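J.: 0 is the number of the first residue of the sequence shown in numbering that gives the first Met the number 0; add one for each residue after it. Beta carbons: idealized from backbone N, C-alpha and C, even for Gly. Just so we're clear, the structure is a prediction, and the values are computed from it rather than from any experiment.
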Amino acid sequence: MTKFLLIFSSFFIAQIVLADQPKDWQLGFQNPASDGMRDIVNFHNNLLLPIIIAISVFVLFLMLYACVRFRASANPNPSKRTHNVTVEILWTLIPCLILIVMAVPSFKILYKQDTIPKADLTIKAVGYQWYWGYEYPDENIIFDSYMIEEKDLRADQPRLLSVDNEVVVPVNKVVKVLITANDVLHAWALPAFGVKRDAVPGRINETWFKAEKEGTYYGQCSELCGIKHAFMPITVKVVSDEDYEEWLSEARVKFAKEEIENDKLKIASK
Ligand SMILES: [Cu+2]
């Protein structure tokens with residue numbers, strides 16, 4: 000019994016520690032890593048779930064009650080009634096009220112997500128068939144982010160979610176994400192931050208997040224975009240300010256925008 004409890008509790012502890020990616024047999028959301036996602040989880044757990052459970056239980060009760068109470072043997076002469084004004088008003092009004100009760104907090108969350116606070120840094124994500132390209136416009140950094148093939152994965156890298164070049168952002172900073180696409184519709188989505196925006200060719204969408212704890216977070220393209228739609232994951236590494244500065248200084252050299260463009264020009268002129 001103790002052994003069972005140990006295994007059982009370690010399962011939950013593991014869930015808390017490695018909370019940034021989908022798990023086998025997972026139920027519900029990933030653990031939130033931003034304020035926005037916490038709002039979504041609270042809305043779902045404290046309002047939607049109780050309403051869903053109450054309605055399901057009520058409907059089940061009605062069905063069972065009707066089956067027993069109005070069964071043919073107990074009710075040889077069936078009622079001929081077709082209308083009942085009171086019941087009709089009630090079953091229109093009550094669902095309307097339930098919808099209003101749900102809509103108010105839901106809109107609050109939507110508007111909160113929509114107002115972008117003053118950004119500490121901006122990144123641009125561009126969807127391609129089938130990988131993501133990233134730009135740090137203020138730092139002159141540009142790079143592509145491809146999924147790592149299964150055979151090349153390290154032991155700590157999750158399958159279908161790891162990429163060669165991760166997006167790196169500092170912890171507790173407002174990150175504004177500009178999202179667009181270069182060919183077809185894609186969507187940049189990161190469940191732990193509560194972020195999902197369509198990437199539309201010829202148009203720039205905006206969203207934001209403020210990651211509250213360091214770690215690696217995984218997301219996927221969430222708009223059916225072609226045959227390799229499932230193979231263009233998103234990996235965001237949230238690091239301390241010092242680590243971010245260190246990464247920046249390396250990335251400014253490794254992913255320098257001008258140099259890449261000059262190289263392209265050189266190749267074109269040859
Ligand atoms: Cu896509």
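Rounded to whole angstroms, what's the CA-CA distance from K22 to S161? Just pull it up for me.
T.: 15 Å
J.: Going along the chain, which residues of its own chain have a beta-carbon closer than 8 Å to the beta-carbon of F10, five neighbours each way excluded?
T.: Any answer about F10 is weak, because its pLDDT of 44 lies below 50 and its placement is not dependable; what the coordinates show is given next. Once the five neighbours on either side are set aside, F10 has no close Cβ partner at all.
J.: Does the beta-carbon of C66, which I'm using as the reference point, lie nearer than 6 Å to any heavy atom of ligand 1?
T.: For ligand 1, no non-hydrogen atom lies closer than 6 Å to the CB of C66.
J.: Tell me the rounded alpha-carbon separation between M36 and A71.
T.: 52 Å
J.: Which residue or residues does DSSP assign as beta-bridge partners of K123?
T.: E134 and L177
J.: Thinking C-alpha only, which one of V235, I178 and F192 is nearest A186?
T.: I178
J.: Could you give the C-beta distance for A191 and Q29, rounded to a whole number, given that I count them as a contact under 8 Å?
T.: Correct: roughly 5 Å between the Cβ atoms.
J.: Near P31, what residues of its chain come up, given a Cβ to Cβ distance below 6 Å and the 5 sequence neighbours on each side ignored?
T.: R37 and V40
J.: What are the boundary residues of the alpha helix (DSSP H) that L89 is part of?
T.: V84 to D113
J.: Within the continuous alpha helix (DSSP H) that includes N41, where are the two ends?
T.: It spans D34 to F42 - the alpha helix (DSSP H) in which N41 sits, taken as one unbroken run.
J.: Could you name each continuous beta strand (DSSP E) segment of 3 residues or more that falls completely within the stretch 197 to 233, going from the start of the chain to the end?
T.: The beta strand (DSSP E) runs lying completely inside the stretch 197 to 233 and spanning 3 residues or more are 204 to 209 and 214 to 219, given in chain order.
J.: Taking only the alpha-carbon atoms, compute the straight-line gap between L4 and W24 and give it to the nearest angstrom.
T.: Reliability fails at L4, whose pLDDT of 48 lies under 50, so the model's placement of it is uncertain and the value that follows must be treated cautiously. Inter-residue distance for L4 and W24 is about 18 Å (C-alpha atoms, whole angstroms).
J.: With respect to the alpha helix (DSSP H) encompassing P169, which residues constitute its N-terminal and C-terminal limits?
T.: Careful: P169 lies outside any alpha helix (DSSP H), inside the beta strand (DSSP E) at V166 to P169.
J.: Could you please give the first and the last residue of the uninterrupted beta strand (DSSP E) stretch that includes W187?
T.: H185 to L189
J.: Tell me which residue opens and which closes the beta strand (DSSP E) that S144 is part of.
T.: I140 to S144
J.: Taking only the alpha-carbon atoms, compute the straight-line gap between I140 and V166 and give it to the nearest angstrom.
T.: 11 Å
J.: For K175, which residues of its own chain have a beta-carbon under 7 Å away from its beta-carbon, when the five flanking residues on both sides are left out?
T.: Closer than 7 Å at the Cβ level, and outside the excluded window around K175, lie I115, A118, T121, E205 and W207.
J.: Does the beta-carbon of A65 have 16 or more other beta-carbons within 10 angstroms, so that it is buried, or is it exposed?
T.: exposed
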